[in-house]
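In this note's numbering, the protein residues as written are 729 to 1478.
Think of the CB as a built atom: it goes at the ideal place given N, C-alpha and C, for glycine as much as any other residue.
Below is one structure, written out as C-alpha cells; the observations come after it.
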DNA sequence: AGCACGCCGACT
DNA sequence: GTCGGCGTGCTC
C-alpha cells in the first residue's frame, strides 16, 4: 500500500544501505573501531543507527553485543563481511544527536565507545561485559513496566481536615496536581504510611499511569515571576543572544539566578522544545524542587544520582517520549534522550563535580558546549566569578556576557601576617586581630565562620634543626599526627608513636608542623567555653544525616562559631554572619596545579561573601600575588595576571594538559612502562606540536595501593595529540604495556 | 621428523 | 578476549 514513488525510494535506500557499522562491546582499545557487517534481508527494517545487535566476532566465533552507529552501501574492508545475527532493540536507544556526541566524546577523551555509551544508556543499563550480555540486556529493556503509580486528590479529600502533619503536606501537594510515587517521595521523604492512611480514608486515590508519547505543547505550571532587574537581564538576553555562541551569566544570588533559568526554560518548553538545567550538587536540585515543579508540573523532572534504578528508567522513558521537557539535575542529566533540546544551562561552571574522574574523563561544561552545537541549542554557563577560560571567551567575543559584572562582593579583606605575629611573641594560631574580631562578632550577637581547608590534627612532623620529615615506610608519604603523640599515614592508615627526638639528628626540636581542623576545633572549644561551636566538613555533613539536616542544625542558631573546610561554602543558610575568616589560607595558595590560583580565588571569594561584616585571612605569605589580588578586590588585575601566566606557559585556554597515569603492582615495571610511554610520544610523528615532561613517581594509587607514575604532556593542538594517541592505540603500543594506563585531559584536581 | 610451548597478530 | 600461525627448541 501507500504511494508508489515512496515505495520505490524506500526500496532503493534499503538496497543501497546493506552494511551496518558496528562498535563491539569489548574492552580492548585496539578493537574499538566500527566494524562492517552485512544486514540480512529479513533484518533490513530493524537495523538502524542507535540500536544494539548481536554479531559473531573473531576466530573464536563469539557472539557479542554491538552497537550500530551507521549504515552504508560499501565497505573498505578487503575480507569477507559477516552478517548481523539479530537486533536486540526494536527502536534506537539513543537519538541521532546523542550518537554524534557519543562518538565525539569517545574520540576526544580516548575512551572506549561502550564506556561512553554507558553514560547515555545508564537508566536502561547497557551491559558492559560480553558473554552474558545479549540475553541480560534484552531482558533489562523490558524489565520495568512502562507505567507507574500516580496519586490524585479525591473530592472528599479536598474538604478534608487533618491534624497529621505529613498527611496535610500530602494533601497540600496534591491540591496542585497529581504526583507520582517517586516524585512524592523525593519532595516529602518516605511517607508511605501516611499515604496508605489517606487512601483508606478515601481522600486520595491511586492509579497506574502509562508513560506515553506526548505531543503536548506549553507548560502546565504557573508563570515564573521575575523581579525588575531579573526581567531586564532576561529581555537583554533575548535581544542580544547570538545564535551559535554560548552565553555567560554573572551570578548575583542563587535563587534569583535560578528564577532566570526557570523563565528561560519555560520559554523553550512553551515552544514545545526541551531544556536541561545542570546544577553542581544534588542538594541544590532538591532545595529548588518545589519551585521547579510548581513551574513545570509533570513536564518537569529531577534527575540525580540518588534516584533508584526504576525511577531513573521512568524519567528516561518520559524524556525519550517527550512527556518531560525540562530536566533539572546533576551532570548525568545532560545525557538523557531529549527531543528537540534547545537550551542547556550549566550553573556554577567551575565546580569540581562537573569533572568526571573515571572514563571518559570529561568536563560536563565542555561536553555541553559540543552538544549545544550538535543540537543547535542555546548554551548558558554561569558563575559568581567566571573561570579564566570563560573570561577569555567573553573578551574575545566567543561568548556573550549578561547580568551585572560584580564578582567580588565581599567586605574589604584584612590580611594578618602570621610571621610578624610570631616575631612579636604571639604563638597562637588565633592572631590578636582574629581574636578581637571573633569577640566583637560575639558581642554583636552575630556568627563567625572560620575556614581551614585541612583535615586532621596537624600537617606533618619535621625537625627544626635538620629538616627531617617522618614518612610512612610503605608509602613514602609524610605522616600526620591524628591526636597528640600518634603518627598516621594518610594513604595506608599505618600508625606509629611519635618519637620525642629526631630519628636523624637526635634534636629535641622534632615537632608537629601546621594546623589541622581537628586541632583548631579543640583549641577553639577550650578558648570559647560555653559558646556553641560547630564543625563542618564532608564527614560531619554525612554524620549529621546529609546536607539538609546539617542546614537545619545551622538554622537552629545554637552555634556562634562555625569552623570547617571548603564544605562550608556549600549552599547553607548561615543567617547573620559578622565574620568570615581564613585560619590559614596558605595551603590553598600553592597546590601544584595550573589552576590553583583560580580555585583559591573562587573558593575564598565565596567564603568571604558569606559575611555581612568583616573578612579576614591569616597567612605566612602576605606578599603572595593571588592573595593581594583578592585583598585589593581588583578582579581585572586577577584575570590579566592569570591570562599572562597561562599564555606564557601554554595552559588552558591557550593549550591543554594531558595526564597519563601508569599504574600496577610491579613497581619496577610501572616505572619502565611510564618511561616507555615517554619515549613513544617523543618519537611519534608530529611531536613538535607537544611537550612531554619527564615521568615522575606519584606515590601509591588511593584505594588499590598500586604503584603509580605520571606522565604529563602539554600541547596547543589537542586534536593532533588525540590523533597521535589514537595511532599508538591502534598499533597496540599502549595495550602492550604490562601496566595499566589511564588518560585525562585538563583534569580538575580535588 | 614430530611435537610442545610461547609469542604475536588479527579479528569486519 | 581467543584463536591460529609460526618459530624455537627439545625429544624420540
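Through-space distance from residue j to residue i, alpha-carbon basis
i	j	result
residue 1460	residue 1367	43 angstroms
residue 829	residue 1097	11 angstroms
residue 883	residue 930	9 angstroms
residue 1471	residue 1169	49 angstroms
residue 1103	residue 1065	12 angstroms
residue 1469	residue 1390	5 angstroms
residue 1183	residue 790	51 angstroms
residue 864	residue 821	Low confidence applies here, because residue 864 scores a pLDDT of 43, under 50, leaving its location unreliable and the question unanswered by this model.
residue 1070	residue 1347	47 angstroms
residue 1237	residue 1286	41 angstroms
residue 888	residue 1026	25 angstroms
residue 905	residue 880	8 angstroms
residue 774	residue 818	7 angstroms
residue 1055	residue 814	34 angstroms
residue 1000	residue 993	11 angstroms
residue 1003	residue 1105	9 angstroms
residue 1033	residue 1146	43 angstroms
residue 1167	residue 1305	13 angstroms
Coarse secondary structure for residue i, derived from DSSP in three states
i	result
residue 1090	coil
residue 1405	helix
residue 1239	strand
residue 1486	Here the chain has residues from 729 to 1478 only, and residue 1486 is not among them.
residue 867	Bear in mind that a pLDDT of 40 at residue 867, under 50, signals an unreliable position, so the model cannot answer this.
residue 1267	helix
residue 1411	helix
residue 1000	coil
residue 1024	helix
residue 811	strand
residue 895	helix
residue 744	helix
residue 1274	coil
residue 1191	strand
residue 1309	strand
residue 1178	strand
residue 834	helix
residue 1142	strand
residue 1339	coil
residue 1031	strand
residue 1155	coil
residue 681	Residue 681 falls outside the range modelled here, since the chain spans only 729 to 1478, and no answer is possible.
residue 1070	strand
In DSSP terms, what residue i is bridged to
i	result
residue 1436	1391
residue 708	Since the first residue shown for the chain is 729 and the last is 1478, residue 708 is missing from the structure and cannot be characterised.
residue 1424	1438
residue 1473	1386
residue 704	This structure does not reach residue 704, given that the chain is present from 729 up to 1478, and the question cannot be answered.
residue 1075	1110
residue 1418	1443
residue 780	795
residue 825	Its beta-bridge partners do not exist; DSSP assigns none.
residue 764	749
residue 1197	1190
residue 787	Residue 787 is not bridged to any residue.
residue 917	Answer by DSSP bridge pairing: none, since residue 917 is not bridged.
residue 1215	1209, 1224
residue 1468	1391
Rounded distance between the beta-carbons of residue j and residue i, thought under 8 angstroms
i	j	result
residue 1244	residue 1185	5 angstroms
residue 1241	residue 1190	5 angstroms
residue 1082	residue 1475	With 8 angstroms as the limit, residue 1082 and residue 1475 do not qualify as a contact, their Cβ atoms being about 12 angstroms apart.
residue 937	residue 878	4 angstroms
residue 950	residue 1068	The Cβ separation is near 23 angstroms, so there is no contact.
residue 1077	residue 1109	4 angstroms
Residue i CB to nearest heavy atom of the ligand NAP below 7 angstroms
i	result
residue 1235	Although the ligand NAP was asked about, the structure shown includes no ligands whatsoever.
Original post:
Do the region 1355–1370 and the region 1395–1405 touch if we need at least three Cβ pairs shorter than 8 angstroms?
Top reply: Fewer than three pairs of CB atoms, one per stretch, sit closer than 8 angstroms, so the region 1355–1370 makes no contact with the region 1395–1405.
Subject >> Stretch-stretch touch, CB-based, cutoff 8 angstroms, three pairs: the region 1009–1018 with the region 1054–1073 >> reply: A contact is defined here as three or more CB-CB pairs under 8 angstroms, and the region 1009–1018 meets this definition with respect to the region 1054–1073.
Subject >> Stretch-stretch touch, CB-based, cutoff 8 angstroms, three pairs: the region 1381–1389 with the region 1112–1121 >> reply: Yes: at least three Cβ pairs fall under 8 angstroms.
Original post:
Is there contact here, the region 839–853 with the region 1036–1056, by at least three beta-carbon pairs under 8 angstroms?
Top reply: In short, these stretches touch, since the Cβ pair count reaches three.
Original post:
Is it true that the region 984–993 meets the region 956–974, where meeting means three or more beta-carbon pairs spaced less than 8 angstroms apart?
Top reply: Taking one beta carbon from each stretch, the region 984–993 and the region 956–974 have 3 or more pairs nearer than 8 angstroms; the two touch.
Subject >> contact_flag[the region 1278–1293, the region 1319–1330] where n(CB pairs < 8 angstroms) is 3 or more >> reply: Contact between the region 1278–1293 and the region 1319–1330 is absent, because fewer than three Cβ pairs lie under 8 angstroms.
Original post:
Is the number of C-beta pairs between the region 1170–1177 and the region 1208–1217 that are closer than 8 angstroms three or more?
Top reply: The answer is no - the region 1208–1217 does not touch the region 1170–1177, with fewer than three Cβ pairs under 8 angstroms.
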